[in-house]
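Only one structure is covered here, and it is reproduced in the block below.
Number of protein chains: 2
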Amino acid sequence: MKEIKICIAGLGNVGSSVIQSLVDSKNFINLKSNFNINILGISAKNKNKKRIIDISKYEWFDSPLDFLNTDCDIVIELIGEEKGLSYDLVKNSLKNGKHVITANKAMLAKNGSELFKLADQNNKYLLYEAAVAGGIPIIKTLKNNITLNKVKKISGILNGTTNYILTMMEHDNLSFDKAISIAQSKGYTSPSESELDIGGLDSAHKLTILSSLCFGAEIEFKNNYITGISEIKYEDIKNAKNLGYKIKLISESLIVNNKIFSITSPKLISMNNPLASVDGVLNAINIETDQLESLFLEGEGAGGKATASSVISDINEIFTNINVNSLGFKINNLTKYTKFELSNLESPYYLRIMTQDITGVLSKITSYFKDSNISVEKILQLPETKDKPIPIIITTHKVKTETLLKSLEQIEKQSFVLDKIIVIPLDNGQE
Amino acid sequence: MKEIKICIAGLGNVGSSVIQSLVDSKNFINLKSNFNINILGISAKNKNKKRIIDISKYEWFDSPLDFLNTDCDIVIELIGEEKGLSYDLVKNSLKNGKHVITANKAMLAKNGSELFKLADQNNKYLLYEAAVAGGIPIIKTLKNNITLNKVKKISGILNGTTNYILTMMEHDNLSFDKAISIAQSKGYTSPSESELDIGGLDSAHKLTILSSLCFGAEIEFKNNYITGISEIKYEDIKNAKNLGYKIKLISESLIVNNKIFSITSPKLISMNNPLASVDGVLNAINIETDQLESLFLEGEGAGGKATASSVISDINEIFTNINVNSLGFKINNLTKYTKFELSNLESPYYLRIMTQDITGVLSKITSYFKDSNISVEKILQLPETKDKPIPIIITTHKVKTETLLKSLEQIEKQSFVLDKIIVIPLDNGQE
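These protein sequence lines map, in sequence, to chains B and D.
Note that the working numbering has the first sequence beginning at 15, numbered continuously upward.
Note that the working numbering has the second sequence beginning at 15, numbered continuously upward.
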């Protein structure tokens, strides 16, 4: 029976749950594996914080960097800073011949390129199942289970907070502001985190990691297009529903003409796409490969227990899997892709144009579209109460994004247009 | 670069697709792994059958048993007989120190107990990702990705043919007979396979394997309760829909009071259960563990390419994973569970009682229920055209199955009951 010695930095919800789960599963682990897991040291900012576990049984380190003076096999980084101590700990652990497990998506999205190379040079694992989609084992699915599939496209709901907000807006007819305050009151997001969540950055961090796993792309956060959900109104969700869609914050990545196209943005998802049924704080991912038309995974995207499950699965991986390519691809085979120009994307779109209540508006808008060969699929003209702007809702057939945006720029200059035009891509189910 | 030498027995849809995929992925595999896969020999019943691949490039063996005279590392069994040549080949391959990959659920469900022990004694892998749910990597998910989770319950749609039939009945208002003939004309099932599919046996074979992986249960096919879909009428599907449910053939397994309860049966699934949205030939599985409230996987349950993806993932597994417990649990830690008595199950139920069109029928039925303390949730009385039996549809609250069946036995004896009462368990979403 091999003893695996681990040290844990960061004892928040996830860190505490990791310890709790390891204690609870001690006998069970012996039924399935040839190792015992021994917690050699722990460290956190505040030693005296109230926690679900009794930390007095474990050796305390004021600085996690002192883990490096122990003979631990694995350093588990759950501090969660994008740079700072998290980065220093991971970097120095790898340099000192320790395996590293982290849940830190921001750090990996921003510094992963350097850190994964360092892991490879030292023949150590840098694993991160908990960094993407909480308890869903999406990393191991891509890295091990379908590793010899060529991924064509990955798309998912990678942020539970925004999905919860959109679900609340839909189910309870709430405004965006009301929904976000409920999400905050439930502890799903804090005002300081909200920008990361709502702005789409958190999802984009995760998508950066997934793109690397799927396409062997060098980790380059700058390749992401990012639009958050703050411009989505309750009315858009209602309009989408009338048209047969749900609005979700979708992160998707694919290779188009040898360029990488990674985008996090609200999108109208048709009801027969399984992502449309993913409600509340759940996460979900759909994978299309050369061998699989669709592989869909759904589960808890956050929460202590679920995320701890992923951290612990990485411990198991380090001592059972002998393929040390932490990103699936050999590090020297990663590709530095050029960013696909969004303006070249061909997609159907949903548009909301807020106009004055005067006659002839619709014919003026459609004549601009006609001039640019933009083909309209449906128009909903929804009269609001008097004196208010009239929203005109239009869905287009597939159109080159550049063409659409140029035409909308013209339309926006017209005096009858009273607000910025809302433009949301639409899932046509046939991409 | 290590060379992995494989031999393939059975060149039907799956076997041919494995060869095709290995040819297509040759360069891609080099980007991710340190091995080349070399097809050392092939064998099938009929050498001259038309296939998607050119087999003249590979060494032909009239009998796959002669693979054992080569120095191949892995024998891939895709013949698919429950016993016979499939069993002989797998057994002798393991005895001769070859790893084995198979897609053969019937063989594993019936003879797995012996075969997995043999694999363990010889320190060889016996892998079977392709045996359950086609392209969905459910085996590796349970065995590797969430291996240190204690599974509480697994439930799934494990047979695409029956799911296709139920979906056709629902969407196109078809009778069972019409739907099955369409499924046969599409090649999803043949008259000879239909009993395996429709009767629920194929699903139960797969569930047997999953139960072993989830709970460390000895492989014992006899522990399954099996009811097929042949008694489901279009009207039941319509009634279920009115009540907010879909009828699916569900396979589920859990441990109740230290006994194993494995059942394949039609079930009314509530719309908020993700299994309700799984339509057509898709398969899907939901897993509940001590750490995860729900992990849901959906994908293609059959088809050459998708199943080949699973076979190839097993090749990768053999040369990257050093935990040789093919069932996840150490073979000596498997448990011989007692079978949970179905009569002790507490569940809500859907009932269809075909009655004469005379007054007082309903009050008679409900008085029997009252005598047995069976609590009715809803009653739908749906008049059909004159002279025909009147179907009375009843859903109950949670009731002990034995109590319900005894009461129904009484009711069935009454002259106003014109047919066998249809009894389908109902998913209350709170199990």
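Virtual Cβ for every residue (Gly too), placed ideally from N, Cα, C.
Item: Option nearest I435/B by Cα separation, candidates K384/B, Y363/B, I372/B; Value: Y363/B
Item: Close Cβ partners of Q424/D (< 6 Å) along its chain, the five nearest in sequence each way excluded; Value: Y382
Item: Cβ separation of I162/D and N330/B, assumed to be a contact under 8 Å, to the nearest whole Å; Value: A small correction: the amino acid at residue 162/D is Leu; Ile does not occupy that position in the sequence shown. Right, the Cβ-Cβ distance comes to about 6 Å (below 8 Å), so this counts as a contact.
Item: Boundaries of the alpha helix (DSSP H) in which M368/D is found, first to last residue; Value: Counting along the chain, M368/D falls outside any alpha helix (DSSP H), though it belongs to the beta strand (DSSP E) covering 363 to 369.
Item: Residues that DSSP places opposite F275/B in a beta bridge; Value: L268/B
Item: Residues bridged to N451/D (per DSSP); Value: Because chain D spans 15 through 445 in this model, residue 451/D falls outside it and cannot be assessed.
Item: Cα-Cα separation between S361/B and T417/B, rounded to whole angstroms; Value: 11 Å
Item: Beta-carbon proximity check, N297/B vs G213/B, cutoff 7 Å; Value: no
Item: Extent of the continuous beta strand (DSSP E) run through E249/B; Value: Not the beta strand (DSSP E): E249/B falls in the alpha helix (DSSP H), residues 248 to 257.
Item: Heavy atom of the ligand ADP within 6 Å of A320/B beta-carbon; Value: With respect to small molecules bound, the structure shown includes none, and the ligand ADP cannot be examined in it.
Item: Rounded straight-line distance, which links the Cα of S100/B to that of P457/B; Value: Chain B is shown only over 15 to 445; residue 457/B falls outside these bounds and no answer can be derived.
Item: Buried versus exposed call for G149/B [16 or more other C-beta atoms within 10 Å across all chains shown]; Value: buried
Item: Neighbourhood of S323/D by C-beta, 8 Å cutoff - its chain only, sequence neighbours within 5 removed; Value: S35, G149
Item: Pair within 7 Å by beta-carbon distance, E143/D and M121/D; Value: no
Item: Span separating the alpha-carbon of E445/B from that of L359/B; Value: Per-residue confidence for E445/B stands at a pLDDT of 42, beneath the threshold of 50, marking its modelled position as unreliable; the derived number appears in the next sentence. So the two alpha carbons sit approximately 12 Å from each other.
Item: Per DSSP, the bridge partner or partners of G26/D; Value: Beta-bridge pairing links G26/D to no other residue.
Item: Selected residue, minimal CA-CA separation from I56/B, among K157/B, V89/B, N44/B, N27/B; Value: V89/B
Item: Contact with chain D by I43/B, beta-carbon distance below 7 Å; Value: yes
Item: Validate contact between the stretch 127 to 136 of chain D and the stretch 333 to 345 of chain D using beta carbons, cut 8 Å, 3 pairs; Value: yes
Item: Exposed unless 16 or more other CB atoms sit within 10 angstroms - verdict on L396/D; Value: exposed
Item: E312/D: contacting residues in chain B (beta-carbon distance under 7 Å); Value: P288, F310
Item: Sequence-distant residues of its chain with Cβ nearer than 7 Å to H411/B (five each side left out); Value: P362, S389, E391
Item: G454/D, enclosing beta strand (DSSP E) - first and last residue; Value: Residue 454/D lies beyond the residue range present for chain D, which begins at 15 and ends at 445; the question has no answer from this structure.
Item: Same chain, Cβ closer than 7 Å to T155/B, neighbours up to 5 away in sequence not counted; Value: L311
Item: Backbone CA spacing between E355/D and K273/D [nearest angstrom]; Value: 9 Å
Item: Nearest neighbour of K119/D, chosen from L221/D, P151/D, G242/D [CA to CA]; Value: L221/D
Item: Per-residue contacts from G151/D into chain B (C-beta, under 7 Å); Value: The sequence given here has Pro at residue 151/D, not Gly. Simply T155, N159, I160.
Item: Beta carbon of T369/D nearer than 7 Å to that of I406/D; Value: yes
Item: S107/B classed as buried or exposed, judged by whether at least 16 other C-beta atoms fall within 10 angstroms; Value: buried
Item: Residues, ordered as in the chain, of the stretch 255 to 286 of chain D that lie near chain B by beta-carbon distance below 9 Å; Value: N286
Item: Same chain, Cβ closer than 7 Å to I372/B, five either side skipped, listed in chain order; Value: F430
Item: Reference I269/B, options V165/B, I18/B, N41/B, L188/B, closest by Cα; Value: V165/B
Item: For T373/D: DSSP bridge partner residues; Value: DSSP, once it has assigned bridges, lists no residue as partnering T373/D.
Item: Contact with chain D by K319/B, beta-carbon distance below 7 Å; Value: yes
Item: Beta-ladder partner(s) of L394/B, from DSSP; Value: I407/B
Item: In DSSP terms, what E352/B is bridged to; Value: Note that residue 352/B is Thr in the sequence shown here, rather than Glu. Paired residue(s): K273/B.
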